[in-house]
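Visitor: Residue numbers (the working numbering), protein chains in the order written: chain A, 17 to 522; chain B, 66 to 395.
If you scroll down you'll find the structure; I have some questions about it.
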């Protein structure tokens, strides 16, 4: 880059009470350059972006945009400068149409003080942005009818309509399917060709390899180096992020397995009424479920746990069929689910740690329907200690815990009972590396104690590193079952995108 | 506990003001009558509180009072039912209505507001139709202990107040000490998460309407005998709003998951003191509702402001605590 950079951060330092979130971070983004920002959770990526969005003010350091020093006090000022934000959680209004979202707050109006909206005009103005992003929907379509990926494109269109010259994308693909991700990456290439600069924050290193001109890694609030061009390789990025080579989490099971302990037969869910799923899992086994988002894995889990009653099918534990029409009945057979969305379904976050731990087995801590507070407290304390849940006290509300501790709390809740089959749906999403390792260790311990573990995961590293076997699902069906020695990223990907087992192993 | 403390202060302050302005406030007759009213309103307000804790609401209570009052007079005076049978039939009836509301809310997934709004209209209309829009009464028959329960006293305390105290104690244990109570709070906070923890969320929600129905039945019978005559178009008008106001003043959140029996009890008392205050301070009785509305508004607003301040302080404390932690939240 010979031209001066579009954005230059120099020596940005940010201190939160007791914590140095960013330490002397410098970063430059050239015109039409795609810079990937990588780093573990807590490395300071979000803080850096919040400084650019004016949410936080830096304690030290300067920001130059287009060669001029600037101060950004709020998001509106950032947008006025030409910085657009695409957040992980979309900020769209699904009750408005596409054009309404793009021009929200900037609607072309007529009628003077009445400020009536020129709908035709607005739709006409929206078209070119949609075309530029290859989004083939009418500006009059309601956002509700669009897929997540399309809604995200609408957000990008909105940023472009505000003349954004720098787009900051925070984990934009976390909710997208593989093909949608490809489309987003293609759109990024087009934007780059048009001279738009992009800061791309992600955990998915494959995408970085595909789209980034340069990679900047943050670790513990410091810029620990960057990679350019063909230096951008998976292993090199991981080394920068963690400062060491990735360890293999996989632990070979020691105990003997009991095959056929848990069986699912011809399970038909509402989401994929034409598909029937059958599989066996052994006691003491961690059975991974890989596949793309929407492949029907979560639906399978919810059917087995009785959240959504299946249309048809049978679940057998130790060869005996069990009737499951509600989570309560699933729990009665020792089948528990650690759901994907721990804040909304895993925990009642506004209740205390104690109340969450004891909720599923509350009757055990009660006499004649009245709760024995002492035994409740005792169980909660014991579970927090065994699972190393970091909380100021068992009376703290669950919502005050960090993601990793919340997930451990969900586990604490189930392990206070006697699990026979434990289903994990994305067990470590949004959890930092340390807590991840702890959860993997717990999973292996449970398996060694004869529990059947089903683990749904979209994190390839996790699927490969934790599972004893992997079931790959595609559009509601089981595309293939891979034994440990067959588990390779390519083999799983092949099956996940719908290739048959034969062609995948060929 | 902080909410209860705040509203208790408000209650004491109001009582003091009224007592100073008009000593009749502390007269035996006035106190007794107020206690009687607190008893009757308190019983169904607790039921309303339960429903609100699950995140629901019951707008039909007032109309149910009119309907049950009319039906009760007919059972006793026209059909000559034995009093205990009539009482059980009425309570079973109000529980059945609650169950029906609960079913519509949990099975048909209708909004509680809509279901019970329709109930408010329907039962009022039904009561007027059955009674041919004429006032019905118990004249001066006693019907076993029924009149005594509504108008009598025991140990100097009005019977309805005693019944209310018993109800409050029982419901306090149910709500704050039992598994069922914990489930009510869990379901009110987050129905989905409760279900994922094996709580039969729908049954719990529906059951709160049944319990509320039972308490409304008891309160309704007392109120019917207290007024002695039931005019189907006005009997029980707005009573659901007294229940809602008492629960909200007492710290129940309309979002669900919050509230306490003690709070509801104090809230009920506060409302009755306000009613009384309008009379005793010589305020034009047409301003009755205006006074109540203003005080509830101020009370809830003050509580919001205070809890916002508490929250801000808590954030500061949390920030201090974060110093101990090595990693920032990203």
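We put the CB at the ideal spot given by N, CA and C, even for glycine.
Because the structure is a prediction, the values reported are computed rather than measured.
With a cut-off of 8 Å, does the C-beta of residue 111 of chain B fall near any C-beta of chain C?
Guide: Absent here is chain C; the protein component of the structure consists of chains A and B.
Visitor: Which residues in chain B sit within 7 Å of residue 378 of chain A, going by Cβ to Cβ distance?
Guide: Per Cβ cutoff of 7 Å: 244 and 247.
Visitor: Bridge partners for residue 216 of chain A per DSSP, in chain order?
Guide: BP columns for residue 216 of chain A point to A:52 and A:185.
Visitor: Mind listing the chain B neighbours of residue 343 of chain A? Cutoff is C-beta to C-beta under 7 Å, in chain order.
Guide: Chain B residues near residue 343 of chain A: 260, 261 and 263.
Visitor: Could you please give me the residues that DSSP links to residue 170 of chain A through a beta bridge?
Guide: None; residue 170 of chain A has no bridge partner.
Visitor: For residue 370 of chain B and residue 482 of chain A, I'd like the C-alpha separation in whole angstroms.
Guide: Cα to Cα, residue 370 of chain B sits roughly 50 Å from residue 482 of chain A.
Visitor: What residue range is occupied by the uninterrupted beta strand (DSSP E) comprising residue 293 of chain A?
Guide: Taken as a continuous stretch (DSSP letters only), the beta strand (DSSP E) holding residue 293 of chain A covers 293–299.
Visitor: Pick helix, strand or coil for residue 247 of chain B, following the three-state DSSP scheme.
Guide: The answer is helix: DSSP assigns residue 247 of chain B an H, G or I state.
Visitor: Do you know whose CA, among B:224, B:205, B:75 and B:207, lies nearest residue 214 of chain B's CA?
Guide: With distances taken between Cα atoms, residue 214 of chain B lies closest to B:224.
Visitor: Among the candidates A:160, A:190, A:151 and A:191, whose CA atom is the shortest distance from the CA of residue 172 of chain A?
Guide: If we check each option's Cα against that of residue 172 of chain A, A:151 comes out closest.
Visitor: From the DSSP output, read off the bridge partner residues of residue 440 of chain A.
Guide: According to DSSP, residue 440 of chain A bridges with A:354 and A:471.
Visitor: Taking Cβ to Cβ, would you say residue 424 of chain A is nearer than 8 Å to residue 393 of chain A?
Guide: Contact: no.
Visitor: Residue 311 of chain B versus chain A: which residues are under 9 Å apart at the beta carbon?
Guide: Result: empty, since nearest Cβ-Cβ is about 23 Å, beyond 9 Å.
Visitor: Once DSSP output is grouped into helix, strand and coil, what is the label at residue 42 of chain A?
Guide: The answer is strand: DSSP assigns residue 42 of chain A an E or B state.
Visitor: What residue does the alpha helix (DSSP H) around residue 28 of chain A start on, and which one ends it?
Guide: Where residue 28 of chain A is concerned, there is no enclosing alpha helix (DSSP H), although the beta strand (DSSP E) it sits in stretches over 23–32.
Visitor: Note down, in chain order, every chain B residue with its Cβ under 8 Å from the Cβ of residue 382 of chain A.
Guide: Result: 243 and 244.
Visitor: Does residue 166 of chain B come out as helix, strand or coil in the three-state DSSP assignment?
Guide: If DSSP states are grouped into helix, strand and coil, residue 166 of chain B belongs with the helices.
Visitor: Three or more C-beta pairs closer than 8 Å, one from the region 297–308 of chain B and one from the region 119–138 of chain B: is that the case here?
Guide: Output reads yes: the region 119–138 of chain B touches the region 297–308 of chain B.
Visitor: Three or more C-beta pairs under 8 Å: does that hold for the region 301–313 of chain B against the region 200–216 of chain B?
Guide: Taking 8 Å as the limit for Cβ pairs, the verdict is that the region 200–216 of chain B does not touch the region 301–313 of chain B.
Visitor: Residue 363 of chain B and residue 58 of chain B - do their beta-carbons sit closer together than 8 Å?
Guide: As shown, chain B starts at 66 and ends at 395. That puts residue 58 of chain B outside it, with no answer to give.
Visitor: Of all the options A:240, A:255, A:29 and A:487, which has the alpha carbon lying nearest to the alpha carbon of residue 77 of chain A?
Guide: When each option's Cα is compared against that of residue 77 of chain A, the closest is A:29.
Visitor: Since residue 200 of chain A meets chain B, which of its residues come closer than 7 Å, beta carbon to beta carbon?
Guide: Residues of chain B passing the Cβ test: none, with the nearest at roughly 22 Å.
Visitor: Beta-carbon of residue 362 of chain A versus every beta-carbon of chain B: anything under 8 Å?
Guide: Closer than 8 Å: yes.
Visitor: Quick one: does residue 124 of chain A have its CB under 8 Å from some CB of chain B?
Guide: It does not: the Cβ of residue 124 of chain A has no partner Cβ on chain B nearer than 8 Å.
Visitor: Which chain B residues sit within Cβ distance under 8 Å of residue 386 of chain A?
Guide: Simply 238, 242, 243 and 244.
Visitor: According to DSSP, simplified to helix, strand and coil, what is residue 68 of chain B?
Guide: It is helical.
Visitor: Grab me the residues of residue 115 of chain B's own chain with a C-beta within less than 6 Å of its C-beta, minus the 5 sequence neighbours each way, in chain order.
Guide: If we look at residue 115 of chain B and ignore the five residues flanking it on each side, its Cβ neighbours are 273, 276 and 277.
Visitor: Look at the alpha carbon of residue 162 of chain B and the alpha carbon of residue 111 of chain B, and state the distance between them as a whole number of angstroms.
Guide: One C-alpha to the other measures close to 17 Å.
Visitor: Measure the C-alpha to C-alpha separation of residue 249 of chain A and residue 188 of chain A and round it to an integer number of angstroms.
Guide: Spanning the two alpha carbons is a distance of roughly 20 Å.
Visitor: Provide the residue(s) that pair with residue 204 of chain A in DSSP beta bridges, ordered along the chain.
Guide: Bridge partners of residue 204 of chain A: none, in fact.
Visitor: Look up residue 252 of chain B in the DSSP assignment and say whether it is helix, strand or coil.
Guide: Reduced to three states, the DSSP call for residue 252 of chain B is helix.
Visitor: Buried or exposed: which applies to residue 161 of chain A, given that a residue is buried once 16 or more other Cβ atoms fall within 10 Å of its Cβ?
Guide: With fewer than 16 Cβ atoms within 10 Å of its Cβ, residue 161 of chain A is classed as exposed.
Visitor: Quick test of the definition: if touching needs 3 or more C-beta pairs under 8 Å, does the region 316–334 of chain A touch the region 270–283 of chain A?
Guide: Touching, yes, given that three or more Cβ pairs across the two stretches are closer than 8 Å.
Visitor: Using the Cβ count rule (16 or more neighbours within 10 Å means buried), how would you classify residue 252 of chain B?
Guide: Flag for residue 252 of chain B reads buried.
Visitor: Using the beta-carbon count (16 or more within 10 Å), is residue 123 of chain B buried or exposed?
Guide: By the neighbour-count rule (16 or more Cβ atoms within 10 Å), residue 123 of chain B is buried.
Visitor: What residues of chain A sit near residue 43 of chain B, judged by a beta carbon separation below 7 Å?
Guide: Past the boundaries of the shown model lies residue 43 of chain B; chain B is included only from 66 to 395, so the question cannot be answered.
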